[in-house]
Structures are given as structure tokens and as C-alpha cells.
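Report on the following structure.
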Amino acid sequence: MAPRTLRDPSSSHTIGFSSSTLFDPTSSPQQPPSSPPAATSTTSATPNSLDLHCLPPIFVIPAHLDSDAQDEVEEELAASHAPLTYSVHEARLFVGLVRSKKRAALELRTRGLWTEEVVREDKSVQEEVKEKVSRGREGGSEPPRKRVKVDGGVAKEDVETASETEVETASEASETESESAPSDHVPAESTIEPSKGNAEAQYAVDGSSVQLQPHPKSPAEDPPGALQFQDHLRVISLDWLRDSLKAGRVMSVGKYVVYECRAIEKPTAPQRQQTLIPRQQIQKVIPARKAQIAAQHPQSQRQQQPSSSQQILDRARADAGEGPRVNQRYHPRRTGLALDVKKPRSQLLQQTTTPEDASPTNADSGPLPPPPDWVAQHVKYACERSTPADTPNAAFVEQLKRIRLARELRDDDIGVRAYSTSIAAVAAYPHEIRAAREVLRLPGCSEKIATLWREFSGSEDGTVAEAREVDDDETLRTLRLFYNIWGVGAKAARHFSLDKGWKDLDDAVEFGWGQLSRVQQIGVKFYDEFAERIPRSETEHIVQVVREHARRVCPVDPDGIEILIVGGYRRGAETSGDVDVIVSHRKLDATMNLVEDIVAALEQSGYITHTLTLSLQGTSRGQATLPFRSSNGAGLGFDTLDKALVVWQDPEWPGKASAAETNAKNPNIHRRVDIIVSPWRTVGCAALGWSGGTTFQRDVRRYAQAVKGWKFDSSGIRDRRTGKVVDLEGPDGVGRGEGIVDAEKKVFEGLGLVYREPWERCTG
DNA sequence: GTCGA
DNA sequence: AACAATGCGCG
DNA sequence: TCGACCGCGCATTGTT
């Protein structure tokens with residue numbers, strides 16, 4: 001980690017517009033303060049002689065003003081008889097500590113005032129374009145702008161600021177601080193709070209508009225009172241007030257204008273023909289509008305309600321109508337039609353082996369492959385069938401997954417569940433689907449999925465419109481960006497994007513760093529690194545390190561430590577998004593408090609850089625239930641797992657030694673590692689519970705519920721009625737000579753399920 | 001979106 | 001301060 | 001036609 005000089009992270013001056021900075025001409029809010037913020041409040045001492053009564057209604061933007069400073073500003077204005085207003089809608093002039101258009105628009109927007117920039121006519125389009133280009137060059141808006149790397153990216157411009165941000169993030173994140181930072185400044189408590197200032201400082205630094213902004217264009221400055229542009233709103237820098245006070249006269253606002261705009265409708269559902277206007281063109285013409293347009297755009301998602309749901313269904317029907325011969329068979333209307341074809345269909349289901357119905361259909365037909373048993377028998381739980389990773393229908397599954405992602409981003413849990421079911425079924429189907437009929441007989445796949453398949457199979461490029469939206473729709477792209485932050489779910493992503501109007505990670509860092517939770521900050525910090533896939537070899541290495549540390553902290557019987565790598569790795573994936581590893585030990589008490597010890601040891605040796613969450617419920621309850629267990633004869637303690645979700649970075653790298661002087665930083669990618677500690681008694685449940693794909697897991701639970709009346713969890717099984725523990729692994733777990741996988745097999749067996757190899761649990 | 005009571 | 005509700009992650 | 005759709009622990013936020 002880069003060395004850094006720190007200024008007091010908790011100092012408010014980066015944000016604070018304190019009285020002293022107000023009147024200090026040298027101090028610019030985005031620079032390290034030239035004077036401490038504390039000190040004297042000159043405010044009331046200066047009775048001013050300005051007369052601002054003929055100004056349009058003024059609104060003071062409170063952002064970055066502590067309440068004192070805000071009061072002060074308002075007092076000054078009031079003393080000058082300025083028409084202060086507290087309604088954004090009434091105001092025509094806005095003053096505040098705002099340095100960029102983007103920021104200005106955001107400030108107004110978050111107060112319910114949506115705007116679009118107005119460009120003075122003396123500004124040619126050419127200039128616009130030029131400006132855009134130069135802005136782009138500056139990094140203000142280039143597209144793949146890799147991140148927000150809270151550290152690296154900014155460091156170029158302002159090492160101090162950037163590295164400070166870096167430090168904040170790190171320190172906040174770490175009760176378990178173990179960065180190689182030589183400076184041990186951090187009181188671990190320095191949580192989230194201070195960093196807001198840093199984010200702000202950083203923003204000011206890279207805010208491209210800083211230099212560009214104050215284009216003193218219109219040389220014909222409007223005198224303060226003259227409003228040639230009645231409907232225009234102007235956001236002006238607080239410097240205007242400061243300078244006016246200093247000069248003792250009302251300065252023309254012209255050169256202080258940060259953002260000139262007009263109010264527009266909050267873009268809501270009804271603005272749906274907007275789709276017709278290619279967004280890119282808008283951007284080309286009026287680049288400065290970009291931010292607003294983007295911010296407005298979110299709502300346009302509604303526009304696809306008619307176009308996607310309804311229309312597609314309609315189209316589906318029409319589509320189905322096109323193929324008259326097979327129409328009804330393909331699209332039983334669930335009510336009547338299904339019955340109409342019921343006979344032929346059930347027949348078909350049972351003996352598709354025979355090419356009986358080969359004749360009727362069109363090109364994509366032919367004898368259908370024999371349906372697997374689970375299809376014929378409508379086996380609906382994914383845990384009852386084999387779902388290998390490689391499916392002949394991968395391309396279609398991919399489309400379905402995109403649609404599911406769109407549902408996730410729209411916070412449609414049920415839709416997500418529905419598509420997951422369909423995906424799992426399609427993924428389990430061993431033949432390349434050649435007819436919609438085949439889709440229809442899959443459990444969890446009905447009209448909609450069949451329709452999608454038709455669209456898919458009929459398309460040039462093997463895609464469907466609804467799936468393309470995830471990439472094409474700007475709203476969804478933005479949502480996805482935020483959703484991909486660890487610790488940000490659908491709710492928060494929508495909040496950031498739709499409510500706050502943030503458009504990219506920079507916005508989150510610049511405008512909302514302080515509103516992010518601790519783990520979200522970590523998630524942002526390592527956004528790019530967490531997105532990197534982990535090859536199997538690295539997973540193995542990481543687990544080896546975990547094993548060594550587990551042994552180290554288990555001195556009584558280090559050889560008794562047993563490890564199983566689960567998650568995607570166990571399912572055979574070439575790469576994983578994270579590393580999941582189960583640690584167990586045959587001795588019951590050996591696993592007690594083991595997570596904490598392992599985590600502590602790994603922090604100690606520098607592998608764990610952050611702890612995202614630590615679950616200790618198992619251990620604490622384990623202790624409590626021990627007596628309970630013995631007294632309760634049959635009943636075993638019901639331990640949940642202890643687990644640690646951590647950020648991992650290998651502290652060793654080639655050339656580390658020589659890097660000491662050069663301040664080279666650890667190039668190893670930060671990884672997400674989940675360490676699960678399970679008591680031996682339930683280690684089979686843990687293995688089962690951590691090895692399958694999501695849908696496989698859900699279906700294990702649904703199956704256990706529906707078929708057995710049990711409540712399955714990766715830490716054990718209970719009977720729903722009696723609440724008693726169901727022990728499938730033996731009172732002390734599997735015995736000598738048997739391992740974790742044996743325990744897992746017993747659980748399958750006890751559940752009445754055929755054992756599925758891990759690579760048969762790839763339900764997506 | 002699908003299934004089943 | 002204690003508790004409840006919500007959001008999120010895990011597979 | 002209408003409800004159910006995994007189950008758990010932690011962290012944060014809201015309520016009293």
C-alpha cells in the first residue's frame with residue numbers, strides 16, 4: 001500500500017464551509033485548507049452593505065456546508081435583503097459550494113428539481129463539441145474508465161488526497177487491519193464517518209469541470225437584477241457572495257455561474273417515446289446534458305412494461321399463430337387448449353422414444369429425443385436430477401440468465417425464482433432442444449419460456465430481446481454496475497441509481513461515500529478485483545494456506561483438521577468468483593471458536609486484509625447447547641456454522657523484498673474467501689449445503705420440506721412439526737475411515753435422494 | 001412465471 | 001437502550 | 001383463481 005501523508009481525516013474542512021473559509025480568499029474548498037476551520041467566526045462582525053433585494057429568489061444549497069456555515073451564508077443574504085427561499089421550485093438562483101455542472105445538477109435533482117442544461121446562444125455547437133472532447137480527455141467521462149480504484153486512479157493527480165481515501169477505506173474496513181501499512185495510525189473505530197470528506201476532496205480534484213467550468217463566456221454579463229432568461233435557473237458559486245462581500249458591492253453573477261439550466265419534468269413513465277431517440281445522438285449534440293439524461297433515464301425502464309411483458313406475450317401469440325400446424329400443441333393455453341392436446345401429448349411424453357409424431361411438424365421437428373425420466377415424470381426438484389455444467393442448450397440458458405438478471409435488478413424476487421427454475425430445468429436437459437414442445441414438457445417451463453425459445457431459435461444471433469436489455473438499456477446497465485458491488489443488493493442499487501441519481505462508481509465515491517456501509521465501501525474499493533475470476537490452482541493454494549493456519553491454531557490435534565473445498569470449485573468450474581472452504585474436525589470441541597482463531601492467524605500473517613462478516617452463532621450456541629444436548633438424550637445440539645467472509649490477498653510476491661524501497665505495492669489480486677467451520681456432526685449437511693448451485697440448494701430445502709416435512713439447513717436438519725433435530729450423520733458424525741463426502745452421502749440418503757456428484761449440481 | 005390446491 | 005424490521009450474502 | 005416460491009446470521013436502520 002502506498003505510503004501516505006495524512007491530514008487529520010476527521011477534520012471537517014474538506015467539506016466545511018466554515019466562516020473562516022468563507023472569507024478567506026485563498027482558500028478554495030477543494031484544496032487542503034490553508035487555515036484551520038475551527039477558529040473565529042467573523043460572521044456577525046461584518047455588517048454588510050450589499051443590496052440584493054432585486055435578485056431573483058435565492059436558494060442556498062446546503063451541501064457541504066455545516067449548519068453554522070449555512071446559517072452564516074443565509075444571514076449574509078438576509079442582511080442584504082436578498083429574497084431567500086427554501087423552495088427549490090421557487091428559486092431562480094442557487095448558491096452553494098458546487099464546482100461542477102454534474103454536481104450542481106445532482107444537488108438540484110436530489111431536491112426534486114430536475115433540470116437540463118441551457119447553453120447560451122453565443123456558444124457554438126463547435127465549442128460544445130470541443131468542450132466535450134477535452135472533457136473526455138480529461139477523464140471526465142470516458143467510458144471504460146476502469147474504476148474508481150479508490151487508490152490508483154486518482155493518485156496521479158493528488159497523491160495525498162487519494163491515498164488518504166485509500167487509508168480510510170482500509171482502516172474502516174479493518175477491525176482486523178493488517179495492511180502492510182507501516183503507519184499504524186488507525187484507531188479501528190474510525191469508521192465510515194471521516195471518509196466522506198476524502199471522497200469529496202477527491203471529487204474536487206478530478207472534477208473535470210473545475211478548469212473548464214468558469215468559462216466567462218457571455219461577456220455581456222447580466223447585471224444582477226436583469227433577467228433576460230426568466231426561466232433559467234443558475235447555480236452559482238459561493239465565491240460570488242464572498243467576493244461581493246469583499247468588494248463591498250454586488251458582483252455580477254456571470255462569471256460565477258457553474259450551471260445554467262431550466263427545470264424539466266421529472267422523467268417518469270409517460271416519457272416513453274424517448275426510446276425512439278437514440279441516446280447517443282443526444283449525447284453528441286448536447287454533451288453537457290449527459291448527466292441529467294442519464295439520471296432521468298432510469299424511469300424509462302417502465303417503458304418496457306408494455307413493450308416487454310404485454311407485447312411479447314402478444315407477439316408470442318401471434319408468433320404461435322404463424323405456425324398453424326403445431327400451434328396448439330406448442331402453446332397449450334393452460335386452460336382449455338392443454339386439454340385438447342392432452343392425449344396426444346401425454347402419449348408423446350411416455351413414448352417419445354418412438355418417432356410417432358415425427359411427421360407433423362416443420363423444419364425443427366423430427367423425432368424428439370427420448371425425454372429423460374425426470375422429464376417424463378415431472379420431477380420438479382433440481383436435487384433429484386443431474387445438472388452438469390455443460391449443457392447442449394448453453395446459449396439458450398445464457399439468454400434466460402440475462403432475463404433473470406434483469407429481474408434481479410428490478411427487484412422482482414419471484415420472477416427471479418421463476419427463471420431460476422426454468423434455467424435449472426433447461427440446463428438439466430441433456431439434448432439440444434429442437435422444438436418448442438421439448439421446452440413445454442420441462443418442469444418449470446411453460447408458455448413464456450417456450451415463446452422465448454422460439455424467439456431464440458428463430459433469431460439470427462441466438463438472442464432474445466428481453467435478454468439484450470440487460471446490456472442495451474442504460475438503466476439496467478447502471479443498476480448492474482451498482483448491484484455488482486459486494487454488499488449492494490437490488491434495493492441499494494436502485495436507491496443509488498434511481499433515487500440518488502448516481503450514474504457510475506465515481507458518483508458513489510464522490511457523492512455518497514459516507515452513505516455506503518462499511519462492507520459496501522470495501523466492495524467499491526475492490527470492485528474490479530472481486531470481478532476477476534480465480535483459477536483452480538490459486539484456489540488450491542489459498543486453501544492450502546488456510547489448512548496450514550487451521551492446523552497451527554489447533555495444536556491439540558492438528559492432524560484431525562479436515563478440509564473440503566466447496567462452491568464452484570467443487571462443481572468443477574475452471575474458475576471461481578470466490579473461494580469456499582469447509583474446515584472441520586472430528587473432535588467436537590476442536591471446531592469451537594475455530595473460525596476466530598483461523599481468521600486471527602491469517603490476519604496475523606497478512607493474508608486476510610478485511611473481514612466482511614463473521615458468523616459465530618454456531619460456536620456460541622454450541623456452547624450453550626452442550627449441556628442441553630446431554631440432558632436431552634436423543635436430541636443433538638443444533639449448531640449453525642461458524643463462517644468468515646473475508647478479503648484475501650497473498651502477502652508474498654516476487655520481488656517483494658526489493659519493493660520495500662520503491663514502495664511498490666502488492667500486485668496480488670484481492671480475493672473473496674469464505675471459510676466455513678462445521679462441527680463434525682453436521683459436516684455432511686455443510687458439504688451439501690455449500691456445494692450446489694443456488695437452485696439446487698433451494699430445491700433441496702423445498703424437497704426436504706415438501707417430501708419429508710423437514711427444515712434443511714447447511715448446519716443441520718430439523719423436523720418442522722416437532723422441531724427436533726433429524727440426525728442423518730450419526731450422533732457424532734461419520735466414524736473413522738469415513739470423511740466429509742461420506743457424511744454428505746449419508747445426508748443424501750437420509751433425504752431419500754440419489755447422490756449427485758458435485759458437478760451434477762450446476763443448476764446455474 | 002409456474003405450479004398446484 | 002432494547003427491540004423489530006429490512007437488506008444482504010451464502011450456496 | 002389465488003397463494004407460495006430456502007433458510008439462516010449479521011449489519012444497519014428504524015421504532016419505542
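When you line the first sequence up against the UniProt record's numbering, it's residues 1 to 764, in that order. Where is the CB? At the ideal position from N, CA and C, for every residue including glycine.
(1) Select from SER87, GLU532 and ASP66 the residue whose C-alpha is nearest the C-alpha of PRO57.
(2) Does the ligand MG have even one heavy atom less than 7 Å from the beta-carbon of VAL379?
(3) On the DSSP bridge assignment, give the partners of HIS541 in chain order.
(4) Assign ILE264 to one of two classes, buried (16 or more other C-beta atoms within 10 Å of its C-beta) or exposed (fewer than that).
(5) Taking DSSP's pairing of strands, which residues face THR611 in a bridge?
(6) Does the pairing of the stretch 700-714 with the stretch 739-756 give three or more beta-carbon distances under 8 Å?
(7) Quick one: residues in its chain with C-beta nearer than 7 Å to the C-beta of TYR419, no 5 flanking neighbours on either side, listed in chain order?
(8) Can you find at least 3 beta carbon pairs, one from the stretch 507-518 and one from the stretch 543-563, that sit closer than 8 Å?
(9) Ends of the beta strand (DSSP E) at ILE423?
(10) Have a look at ALA644, GLN649, LEU645 and PRO667 and flag the residue whose alpha-carbon is nearest the alpha-carbon of GLY655.
(11) So what's ILE264 in DSSP terms, helix, strand or just coil?
(12) When you compare each of GLN521, GLU510 and TYR569 to ARG536 by their alpha carbons, which one comes out closest?
(13) Below 8 Å on the Cβ atoms is my contact criterion, and I expect GLU469 with LEU476 to pass it. Report the Cβ-Cβ distance as a whole number of Å.
(14) Tell me whether the beta-carbon of LYS101 lies closer than 8 Å to the beta-carbon of VAL253.
(15) What does the alpha-carbon distance come out to for the pair GLU744 and LEU594?
(16) PRO535 bridges to which residues according to DSSP?
(17) In this structure, does DSSP put THR763 in helix, strand or coil?
(18) Taking all protein chains shown into account, do 16 or more other C-beta atoms lie within 10 angstroms of the C-beta of SER244, making it buried, or fewer, making it exposed?
(19) Please identify the residue among THR609, VAL599 and TYR607 whose C-alpha is closest to the C-alpha of SER615.
(20) Considering only C-alpha positions, which residue in the set TYR256, HIS232, ASP528 and ALA247 is nearest to PRO95?
(21) Answer with buried or exposed for GLY733, where buried requires no fewer than 16 other C-beta atoms within 10 angstroms of its C-beta.
(22) What residue range is occupied by the uninterrupted alpha helix (DSSP H) comprising GLY693?
(23) Cα separation between ILE414 and ALA424?
(24) Does the stretch 521-530 come within contact of the stretch 664-678, defined as at least 3 CB pairs closer than 8 Å?
(25) DSSP three-state call for SER715: helix, strand or coil?
(26) Nearest to LYS525 by CA position, among THR539, ILE561 and ALA508, is which residue?
(27) Can you grab the Cα-Cα spacing for the pair GLU757 / PHE511, in whole Å?
(28) Quick one, which of GLN377, THR421 and ASP650 has its alpha-carbon nearest VAL543's?
(29) Have a look at PHE456 and GLY693 and give me their C-alpha separation to the nearest angstrom.
(30) Would you call the stretch 578-597 and the stretch 674-693 in contact, with 3 or more CB pairs under 8 Å?
(31) Which residue's Cα is closest to the Cα of ARG410: ARG681, GLU74 and GLY489?
(32) Under the assumption that HIS610 contacts VAL647 (Cβ atoms under 8 Å), give the Cβ distance between them as a whole number of angstroms.
(33) Quick one: is ALA657 buried, meaning 16 or more other Cβ sit within 10 Å of its Cβ, or exposed?
(34) Evaluate GLU760 with the Cβ neighbour count: other Cβ atoms within 10 Å of its Cβ, from every protein chain shown; 16 or more gives buried, anything less gives exposed.
(35) Please say whether PRO679 and LEU588 have beta carbons closer to each other than 8 Å?
(36) Helix or strand or just coil, what does DSSP make of THR463?
Inspection of the coordinates gives the following:
(1) For the residues SER87, GLU532 and ASP66, the minimum Cα distance to PRO57 belongs to SER87.
(2) Absence of the ligand MG from the depicted structure is noted, as is the absence of any ligand whatsoever, leaving it without description.
(3) Note: HIS541 sits in no beta bridge, so no partner.
(4) ILE264 comes out exposed.
(5) According to DSSP, which records beta bridges pairwise, THR611 is partnered with VAL646.
(6) Segments in contact, yes.
(7) For TYR419, where only same-chain residues beyond five positions count, the Cβ hits under 7 Å are LEU400, ILE403, ARG404 and ARG407.
(8) No, the stretch 507-518 does not touch the stretch 543-563.
(9) Annotation: ILE423 is outside any beta strand (DSSP E); the continuous alpha helix (DSSP H) that includes it extends over 413-428.
(10) If we check each option's Cα against that of GLY655, PRO667 comes out closest.
(11) Here ILE264 carries a coil assignment [DSSP, helix/strand/coil].
(12) Shortest Cα-Cα distance from ARG536 to any of GLN521, GLU510 and TYR569 involves TYR569.
(13) That pair is a contact at about 6 Å.
(14) No.
(15) Rounded to the nearest angstrom, the two C-alpha atoms are 21 Å apart.
(16) In DSSP, PRO535 forms a bridge with THR575.
(17) In the structure shown, THR763 sits in coil (DSSP, three-state: anything other than H, G, I, E or B).
(18) Here SER244 is buried. Its C-beta has 16 or more other C-beta atoms within 10 Å.
(19) Comparing Cα-Cα distances from SER615 to each of THR609, VAL599 and TYR607, the minimum goes to VAL599.
(20) It is Val, not Pro, that sits at residue 95 in the sequence shown. Of TYR256, HIS232, ASP528 and ALA247, the smallest CA-CA separation from VAL95 is found for TYR256.
(21) Buried is the call here.
(22) From DSSP, GLY693 is part of no alpha helix (DSSP H); its letter is neither H nor E.
(23) Between the alpha carbons of ILE414 and ALA424 lies a distance of about 15 Å.
(24) At 8 Å Cβ cutoff, the stretches touch.
(25) Coil at SER715, not helix or strand.
(26) Measuring from the Cα of LYS525, the nearest candidate turns out to be ALA508.
(27) If I take the Cα positions, the gap works out to 48 Å.
(28) The option with the nearest alpha carbon to VAL543 is ASP650.
(29) So the alpha carbons of these two residues sit roughly 25 Å apart.
(30) Contact annotation: the stretch 578-597 touches the stretch 674-693, with at least three C-beta pairs closer than 8 Å.
(31) When only C-alpha atoms are compared, the closest one is GLY489.
(32) About 4 Å; that satisfies the 8 Å criterion.
(33) Counting every other CB atom within 10 Å of its CB across the protein chains shown gives ALA657 a total below 16, marking it as exposed.
(34) With 16 or more other Cβ atoms within 10 Å, it is buried.
(35) Contact: yes.
(36) THR463 falls in the coil class under three-state DSSP.
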